[in-house]
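Residue numbers (this note's numbering): 3 to 492. A short write-up of the structure that comes next.
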């Protein structure tokens with residue numbers, strides 16, 4: 003070895019070792035940039051490697067880039083690989099040049115894995131910044147056939163970045179199609195994620211819906227989730243098969259593993275929230291309502307509620323919810339009451355819900371009583387069913403929870419509008435007019451506006467109304483004044 007070469011080698015090696023020990027500053031770059039142009043191959047490579055290390059520590063200079071790009075054509079494979087690595091390090095710091103793309107593309111065809119891998123990783127970072135060319139796409143499609151799983155995964159990451167930049171089309175779907183089967187779980191998962199990205203960018207992915215459906219049966223949880231997410235995205239863009247829901251429902255019905263069962267149930271809920279559902283789900287979901295796993299029960303009730311709201315087996319689902327109000331645990335009772343409230347708001351309910359809801363008004367949990375009373379409030383908006391409702395509502399007026407009382411007061415208004423009212427409620431309502439809670443006062447004033455027309459009030463009511471005329475809140479003062487005028491006209 004020539005003495006001068008030996009000195010240069012020791013210099014570069016010493017710098018690299020110091021970097022590894024955390025000893026460096028901006029002055030370290032100058033000798034390394036000079037070494038990039040050395041006649042000795044391994045010195046050029048070591049210098050590029052050291053520049054990459056410095057970039058990881060936020061020591062870099064754009065002046066290195068031109069020399070590094072020229073090294074992508076170097077005769078030595080180690081030099082080409084480390085040059086790509088250094089270009090990636092600079093790109094991660096947003097230092098890049100479009101001139102590097104074609105040279106990196108060329109290195110993707112290199113048979114040496116070190117060269118190919120580092121070129122691919124550099125393109126991965128550049129693609130995230132939108133620094134890529136259409137010619138890169140063909141190279142990425144070619145590399146999807148590489149036997150190395152890691153290389154395939156990085157190529158799929160690049161495809162996602164290029165898709166977000168609007169650089170892909172339906173051809174990408176065709177190129178990815180085969181990776182959705184016969185690959186490792188990680189590759190299939192990444193392929194499904196890439197299909198999701200393509201779909202979100204309004205690219206037709208109908209070609210792979212069948213393969214994504216088959217991935218729903220995958221044992222690997224992440225692969226199954228990626229497939230479901232891709233299918234949801236496809237559905238949102240108009241590409242779907244109703245068979246997707248039937249597949250999930252069948253798996254849910256047959257699956258014994260609790261974790262897998264929960265995953266399938268969550269997928270059904272996710273699809274239902276987007277508007278894709280099928281009556282095939284009802285039986286397996288119904289079986290989950292009484293599950294010892296509280297989360298599974300919640301998911302099942304939420305999904306069935308969405309089905310009913312969309313006109314799928316509404317009567318049967320209300321029947322199931324009514325049974326849960328009677329026989330479920332406290333949590334499922336609360337969720338069922340909330341569901342009944344939602345359905346009642348859409349006119350989907352029946353009288354069978356009333357009695358179990360009344361029973362819940364005696365529950366020790368405030369939130370259970372709140373949801374039960376809210377459900378009763380919504381059910382009675384248009385149909386009180388019978389006068390027995392009134393006794394239970396008056397009972398609820400005595401509840402210690404303000405939200406139960408507020409819903410009960412509103413329910414009194416709905417009943418009065420249907421001709422069902424009682425003097426017995428006036429005493430409680432008068433007390434509410436002197437409450438510290440402004441919401442309760444306002445709701446009571448609204449209810450009295452209906453009762454007053456039916457002459458259901460007393461002297462204490464008028465006294466309370468006069469007190470409220472001086473309330474600091476305008477809406478309360480206004481409602482109280484209006485009620486006084488109504489009473490005085492009688």
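Just so it is clear, CB atoms sit at the ideal spot from N, CA and C, and this is done for glycine as well. On a predicted model such as this, the values are computed, not experimentally measured, just so you know.
Using 8 Å for Cβ pairs, my map puts residue i next to residue j. What's the rounded Cβ distance?
i           : j           : result
residue 142 : residue 160 : 6 Å
residue 346 : residue 327 : 13 Å between Cβ atoms; not a contact.
residue 410 : residue 399 : 5 Å
residue 50  : residue 88  : 4 Å
residue 382 : residue 341 : Not a contact, Cβ separation roughly 17 Å.
residue 138 : residue 162 : Contact doesn't hold; Cβ gap of about 13 Å is too wide.
residue 415 : residue 448 : 6 Å
Rounded to whole angstroms, what is the Cα-Cα separation between residue i and residue j?
i           : j           : result
residue 198 : residue 406 : 45 Å
residue 52  : residue 126 : 21 Å
residue 3   : residue 86  : Here residue 3 scores only 44 on pLDDT, less than 50, and its place in the model should not be relied on; the value that follows carries that caveat. Answer to the nearest angstrom: the Cα atoms are 28 Å apart.
residue 229 : residue 334 : 30 Å
residue 359 : residue 281 : 27 Å
residue 366 : residue 330 : 15 Å
residue 433 : residue 309 : 42 Å
residue 444 : residue 274 : 37 Å
residue 260 : residue 254 : 10 Å
residue 60  : residue 170 : 33 Å
residue 5   : residue 71  : The predicted position of residue 5 is uncertain, since its pLDDT is 46 and thus under 50; a value taken from the coordinates is nonetheless stated next. Taking the straight line joining both Cα atoms gives about 29 Å.
residue 187 : residue 216 : 13 Å
residue 190 : residue 225 : 7 Å
residue 210 : residue 237 : 12 Å
residue 46  : residue 155 : 30 Å
residue 417 : residue 384 : 9 Å
residue 109 : residue 184 : 27 Å
residue 249 : residue 304 : 19 Å
residue 227 : residue 98  : 36 Å
residue 36  : residue 66  : 9 Å
residue 459 : residue 325 : 39 Å
residue 437 : residue 427 : 16 Å
residue 480 : residue 264 : 53 Å
residue 116 : residue 147 : 17 Å
residue 408 : residue 332 : 22 Å
Tell me the residue span of the alpha helix (DSSP H) that contains residue i.
i           : result
residue 281 : Note, residue 281: premise wrong, no alpha helix (DSSP H); not H, not E.
residue 407 : 404-419
residue 477 : 476-491
residue 231 : 223-238
residue 175 : 172-179
residue 162 : 151-166
residue 276 : 260-276
residue 444 : 440-453
residue 459 : Premise fails: residue 459 is in no alpha helix (DSSP H) and is neither H nor E.
residue 378 : 368-381
residue 527 : This structure gives no information on residue 527, because the portion of the chain shown stretches from 3 to 492.
Determine whether the Cβ of residue i lies closer than 7 Å to any Cβ atom of chain C.
i          : result
residue 46 : No chain C is part of this structure, which consists of one protein chain only.
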